[in-house]
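See below for the structure under consideration.
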Amino acid sequence: MKQDKQIKNFAKQLLQASLESGEVSTERVDGVLKSLAKNPPRHHIAILKAYIKLVEREVAKGTAVINYAGELSSDMIVGIVNQLSAKYGRSITSVLREDPSLVAGLRVVVDCDVYDASIASSLASLETSLS
Amino acid sequence: MSSVIEQIEQQIANLQTKTVATNTGKILTVGDGVAKIDGLSEVMYNEMIEFPGGTIGIALNLEEDEVGAVVLGESNHLKEGDEVKCTGTLLSVPVGNGMLGRVVDALGRPVDGKGAIDTAESYPVEKIAPGIIERKSVDQPLMTGIQAIDSMIPIGRGQRELIIGDRGTGKTTIAIDTIINQANINKVGLASGDPDFRPVYSIYVAVGQKNSNVARTLGVLEEKGALEYTIVVSAPAADSAANQYLAPYTGAALGEWFMANGQDALIVYDDLSKHAAAYRQMSLILKRPSGREAYPGDVFYLHSRLLERSARVNEDNGNGSLTALPIIETLAGDLSAYIPTNVISITDGQIFLETDLFNQGIRPAVSVGLSVSRVGSAAQIKATKQVAGKIKLELAQFRELAAFAQFGSDLDAKTKAQLDRGARIVELFKQPAFNPIAIEQQVVVLWAMQNNYLDDIDVSEMVLASDSLRDFLVSRKEALLTIIREKAEIDDDLSGQLKTAVNEWKNSFQA
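Dropping the structure here:
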């Protein structure tokens, strides 16, 4: 139990070292990994696993995964990214994924938050209300 | 057919086309009805969360990296990576008069096969108990219909009275008798048309019990006509630990609704030992630190926050009440175990049932020395106080003298009289199960004994005499019983009427 806590704390410190202006920097992550490879700490595999998880979570906070079906104009993407950046107070980058299961519309995922404006979810809620 | 199409068209017209924002997470591990979830950054403590397939869970452990949640219901279909959604609402259950006469599960869903429950309101399962400003002293009686309890350990509306004893000592029977007695009183009171009459509705919460036991209890309630005034919340032994943990809170929510609407309710938690064991199981799976007897540190709070919700509120808050009868099962009469001491300290008194008394045929097996009601005597009606004021002392003295009398044969007249009186009281208080006695009948029987009308009857015939006297009163002196019920006090005039009636009965009994 105590060991888990130490590993988590170490991974958190590594994450702090990987941030630049509050965002994950590729250069810094590279530096951290090189340093770890040079001087591997005790339980380095567990530490790396925890570190990867933290980095992934931090990256997800700044990434909007836009799942869409149908057409999506570049103006619309820019509008979504700007609105989300304003909402979260940090620069958000977008990742586009076409998903025909949405039928039409889009579903934007930023970390834990899901913004759903798809026909598939409307149909699902209709199904629930009729059952 | 056309109405169905119209309904669907209406639903489609109401479809929201705007963006729906939800906070989500992903299942990391799931097992033993508990899920660890990554994400759910905005989840609240005790919030309902939605698993795939419409399964509901409650977020109980909000940790730095993950959320621990219990799954209410089937969890076999859940797998790692499944999406979990926040609902933004705390767990609540349907409440209202429509729930009366029904059997529901820990989430308030009907399980009695009588169809959907007609109620529109819902109430949060977890709620902070009424504060001191909203409360009022207990001043109205809640008759159990059990002579030994109503005369010696009276219970008031809004009181928490613990029923404690070993297995098979009649704990549930006392609770069921009380529920049946409320139904009997309700029937008489509602039929009288008295505008001041306040019915008491009952909630029976079965936690971790065998389904056969719950079915038997239901059968008794139905047979005695008490089910129509009762709601049964069932989380049997086959249910998950989470449902067993939740059931008493669901019952409290159902009872609180009556209290909040200015009505009186009685809730029986049968039993809190199994509730604590279910909570222990859940806590250990959630990896919460364990303490004494492996219970988690907050097991006292588990019961204190539940029982504090039973209260008598003042006129400004509707003048309603919620009386609680929690049940605790002891092992070999050990009152000093962890959970019994906790609940004893939370409640306003306890009815202790002894195995030895039960085996001697003294039923209900109430131990006079260890049973107490801390607030109920303020609510006892004057007539009962007049006839039963000294009984507890007399019975306690009898038990002590009886122990000494075993060692000596020569006893003085006073001691013999005390022993004789004690033996008569013990016999008089014997009462069959599911047969509560109306308070006015109890008053007459105790009055007859206090005024020495039963002294020349053989001790072995006391139960017979008591039954005979009550039958006589019901069949021949209904008016006298009504006067006692309405006056609730024995004055000189009533005393004279009682003398005449009891003399009349005695002639017929001796003959």
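These protein sequence lines are chains A and B, in that order. So that you can map any letter, position 117 of the first sequence is 118 in the numbering used here, and since no number is skipped, the others follow by simple counting. So that you can map any letter, position 278 of the second sequence is 446 in the numbering used here, and since no number is skipped, the others follow by simple counting. We put the beta carbon where it would ideally sit given N, CA and C, even for glycine.
Could you give the first and the last residue of the continuous alpha helix (DSSP H) run that contains residue i?
{"i": "ALA125(A)", "result": "120-131"}
{"i": "TYR447(B)", "result": "440-453"}
{"i": "MET77(A)", "result": "75-89"}
{"i": "ALA601(B)", "result": "Here ALA601(B) belongs to no alpha helix (DSSP H), and DSSP marks it neither H nor E."}
{"i": "ALA551(B)", "result": "550-556"}
{"i": "SER634(B)", "result": "630-644"}
{"i": "TYR417(B)", "result": "409-428"}
{"i": "TYR469(B)", "result": "467-475"}
Within 10 angstroms of the Cβ of residue i, are there 16 or more other Cβ atoms? Answer buried if so, exposed if not.
{"i": "ASP432(B)", "result": "buried"}
{"i": "ARG592(B)", "result": "buried"}
{"i": "PHE572(B)", "result": "exposed"}
{"i": "ALA679(B)", "result": "Confidence in ALA679(B) is poor, its pLDDT being 48 and thus under 50, which makes the residue's placement too unreliable to answer from."}
{"i": "ARG98(A)", "result": "exposed"}
{"i": "TRP599(B)", "result": "One point to set straight first is that residue 599(B) is Gln, not Trp, in the sequence displayed. Buried: at least 16 other Cβ atoms inside 10 Å."}
{"i": "GLN14(A)", "result": "exposed"}
{"i": "LYS339(B)", "result": "buried"}
{"i": "VAL536(B)", "result": "buried"}
{"i": "VAL534(B)", "result": "buried"}
{"i": "THR197(B)", "result": "exposed"}
{"i": "GLN350(B)", "result": "buried"}
{"i": "ILE173(B)", "result": "exposed"}
{"i": "GLY276(B)", "result": "buried"}
{"i": "VAL96(A)", "result": "exposed"}
{"i": "GLN327(B)", "result": "buried"}
{"i": "ILE321(B)", "result": "buried"}
{"i": "MET77(A)", "result": "exposed"}
{"i": "LEU642(B)", "result": "Correcting the residue identity first, residue 642(B) is Val in this sequence and not Leu. VAL642(B) should be labelled exposed."}
{"i": "SER305(B)", "result": "exposed"}
{"i": "SER402(B)", "result": "buried"}
Rounded to a whole number of angstroms, what is the C-alpha to C-alpha distance between residue i and residue j?
{"i": "TYR52(A)", "j": "LEU73(A)", "result": "35 Å"}
{"i": "SER130(A)", "j": "TYR506(B)", "result": "47 Å"}
{"i": "PHE365(B)", "j": "VAL670(B)", "result": "29 Å"}
{"i": "LYS186(B)", "j": "LEU107(A)", "result": "11 Å"}
{"i": "SER676(B)", "j": "THR341(B)", "result": "33 Å"}
{"i": "THR94(A)", "j": "LEU246(B)", "result": "32 Å"}
{"i": "LEU521(B)", "j": "THR385(B)", "result": "20 Å"}
{"i": "GLU657(B)", "j": "ILE549(B)", "result": "7 Å"}
{"i": "VAL293(B)", "j": "GLY465(B)", "result": "22 Å"}
{"i": "SER458(B)", "j": "ALA445(B)", "result": "12 Å"}
{"i": "PRO532(B)", "j": "GLU672(B)", "result": "30 Å"}
Once you ignore the five residues that flank residue i on each side, which residues in its own chain have a CB closer than 6 Å to its CB?
{"i": "LEU666(B)", "result": "TRP615"}
{"i": "ALA12(A)", "result": "ILE48, ALA51, TYR52, LEU55"}
{"i": "ASP250(B)", "result": "ILE195, PRO220"}
{"i": "ASN487(B)", "result": "GLY430"}
{"i": "ASN354(B)", "result": "PRO367, TYR397"}
Using DSSP's beta-bridge definition, name the partner residues of residue i.
{"i": "PRO508(B)", "result": "In DSSP, PRO508(B) forms no bridge with anything."}
{"i": "PRO292(B)", "result": "SER260(B)"}
{"i": "PRO332(B)", "result": "For clarity, residue 332(B) is Ile in the given sequence; the question names Pro instead. ILE496(B), PHE520(B), per the DSSP bridge assignment."}
{"i": "TYR134(A)", "result": "Since the first residue shown for chain A is 2 and the last is 132, residue 134(A) is missing from the structure and cannot be characterised."}
{"i": "PRO220(B)", "result": "DSSP lists no partner for PRO220(B)."}
{"i": "VAL252(B)", "result": "GLY193(B)"}
{"i": "GLY266(B)", "result": "Answer is none; GLY266(B) lacks a bridge partner."}
Between residue i and the rest of its own chain, which residues show a CB-CB distance below 7 Å, the 5 nearest in sequence each way excluded?
{"i": "VAL238(B)", "result": "GLY201, VAL202, GLY225, ILE226, LEU228, ALA410, MET450"}
{"i": "VAL25(A)", "result": "SER19, VAL56, GLU59, VAL60"}
{"i": "PRO1(A)", "result": "As shown, chain A starts at 2 and ends at 132. That puts residue 1(A) outside it, with no answer to give."}
{"i": "TYR463(B)", "result": "ALA444, ARG448, TYR506"}
{"i": "ASP635(B)", "result": "none"}
Since residue i is in the beta strand (DSSP E), which residue starts that stretch and which ends it?
{"i": "SER102(A)", "result": "Unbroken run through SER102(A): none, as it is neither H nor E."}
{"i": "ILE658(B)", "result": "Careful: ILE658(B) lies outside any beta strand (DSSP E) and carries neither H nor E."}
{"i": "VAL239(B)", "result": "234-240"}
{"i": "THR341(B)", "result": "Per DSSP, THR341(B) belongs to no beta strand (DSSP E); it is in the alpha helix (DSSP H), 339-360."}
{"i": "ALA65(A)", "result": "64-70"}
{"i": "LYS204(B)", "result": "202-207"}
{"i": "TYR213(B)", "result": "Premise fails: TYR213(B) is in no beta strand (DSSP E) and is neither H nor E."}
{"i": "ILE321(B)", "result": "Careful: ILE321(B) lies outside any beta strand (DSSP E) and carries neither H nor E."}
Please work out which residues of its chain come closer than 8 Å, Cβ to Cβ, to residue i, disregarding the five sequence neighbours upstream and downstream, and give them in chain order.
{"i": "ARG638(B)", "result": "ILE605, GLN609, VAL612, VAL613"}
{"i": "LYS62(A)", "result": "TYR89, ARG91, VAL111, ASP112"}
{"i": "LEU208(B)", "result": "ASN191, THR192, GLY193, ILE217, ALA227, VAL235, VAL252, CYS254"}
{"i": "THR312(B)", "result": "ASP318, ILE323, ILE342, ASP345, THR346, ASN349, PRO604"}
{"i": "PRO278(B)", "result": "ARG270, VAL271, VAL272, ALA284, ILE285"}
{"i": "GLU242(B)", "result": "THR223"}
Between residue i and chain C, is there a C-beta pair that is closer than 8 Å?
{"i": "THR187(B)", "result": "The structure shown contains no chain C; its protein chains are A and B."}
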